[in-house]
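Reviewing the structure listed below.
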Amino acid sequence: MTRENTKRSFCQRWRPVLLTMFVIAAVVAVNVFGLGRHLSQLQEWIDGLGQLGYVVFILLHIASMIAVTPRSVFSVTAGILFDPVTAIILVSISSVAGACATFLIARYLAKDMVHRWFARHERFENIYDLTAKYGAIMVAATRLTPFFPATILNYGFGVTKITFTTYFLSTLVSMIPGTVMYVFGADVVSKMISDVGISPPIVIALTVAVLFCVVVFFIVRKRITCMK
22 MTRENTKRSF CQRWRPVLLT MFVIAAVVAV NVFGLGRHLS QLQEWIDGLG QLGYVVFILL
82 HIASMIAVTP RSVFSVTAGI LFDPVTAIIL VSISSVAGAC ATFLIARYLA KDMVHRWFAR
142 HERFENIYDL TAKYGAIMVA ATRLTPFFPA TILNYGFGVT KITFTTYFLS TLVSMIPGTV
202 MYVFGADVVS KMISDVGISP PIVIALTVAV LFCVVVFFIV RKRITCMK
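Numbering (this note's numbering), first residue to last: 22 to 249.
Right, dumping it as structure tokens:
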């Protein structure tokens, strides 16, 4: 057996183990910190950490994306925990990092497994053709509207032919509108609940972000329908 074949055999043998470790670690992290079920405790805990809370938030968000938790959960949480600008920065960093992590896991650790899973689900049957044809536009479309299961598609993009650089840049730019929508939305709701005045610019930014995401959703849905 050649060195190349030996290396390939070793990688194939350990890929399932490494993938399992990644997923288990991510799921454990999400459940240990009680995200979604113990939000109030999470708020108090992160607030008590001071600036270290920023790092903890980013790491938890990355872990949750690997565990296929909707990124909207952390975007809304950030809007409640932090001021809007800080929340947008933290969510942007952690969302892109989490999306890239799942992409790389799918491409180098679980390509065959992910490919088989997507092949069994008709809902995602066009991802390969759409990504091959539209590339960065397809990636951006799934980020610009909250109606697509982006955390699942992160794995799907990993088994397509799109390059990591294109995926990274498209994700980096196109996640901003959705992040703004969730963060400002959470900020507005939290201030309404606590009877705090709402800044008009925040309301305007939220409205624009929502309308933009809705328009993009219908455009993308029409494109997908035309390809069927």
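Quick reminder that beta carbons are idealized off the backbone N, C-alpha and C, glycines included.
All values reported here derive from a predicted model rather than from experimental measurement.
Go ahead and pull the three-state DSSP assignment for residue i.
i	result
residue 236	helix
residue 122	helix
residue 183	coil
residue 105	helix
residue 86	helix
residue 130	coil
residue 159	helix
residue 29	Interpretation of residue 29 is limited by its pLDDT of 46, a score under 50 that renders its predicted location unreliable; no figure is taken from the coordinates.
residue 71	coil
residue 175	helix
residue 206	helix
residue 142	coil
residue 198	helix
residue 47	The predicted position of residue 47 is uncertain, since its pLDDT is 49 and thus under 50; a value taken from the coordinates is nonetheless stated next. Of the three classes helix, strand and coil, the one that applies to residue 47 here is helix, per DSSP.
Closest to residue i by CA distance: which of the options is it?
i	options	result
residue 182	136, 91, 85	136
residue 122	203, 199, 80	80
residue 138	118, 158, 178, 194	178
residue 175	91, 71, 69	91
residue 172	82, 71, 69, 66	82
residue 161	190, 134, 185	190
residue 236	140, 170, 164	164
residue 157	187, 140, 180, 148	187
residue 124	201, 180, 200	180
residue 155	76, 78, 184, 117	184
residue 200	150, 105, 153	105
So residue i and residue j are in contact, right, with Cβ under 8 Å, and what is the actual spacing, rounded?
i	j	result
residue 203	residue 93	5 Å
residue 120	residue 192	5 Å
residue 126	residue 102	Incorrect: roughly 27 Å between the Cβ atoms, too far for contact.
- Query: Taking one C-beta from the region 97-109 and one from the region 187-207 each time, how about it: are there three or more such pairs within less than 8 Å?
  - Reply: yes
- Query: Looking at C-beta atoms only, is the number of pairs between the region 104-111 and the region 124-135 that lie closer than 8 Å three or more?
  - Reply: no
- Report yes or no: do the region 82-89 and the region 187-200 share at least 3 C-beta pairs separated by less than 8 Å? no
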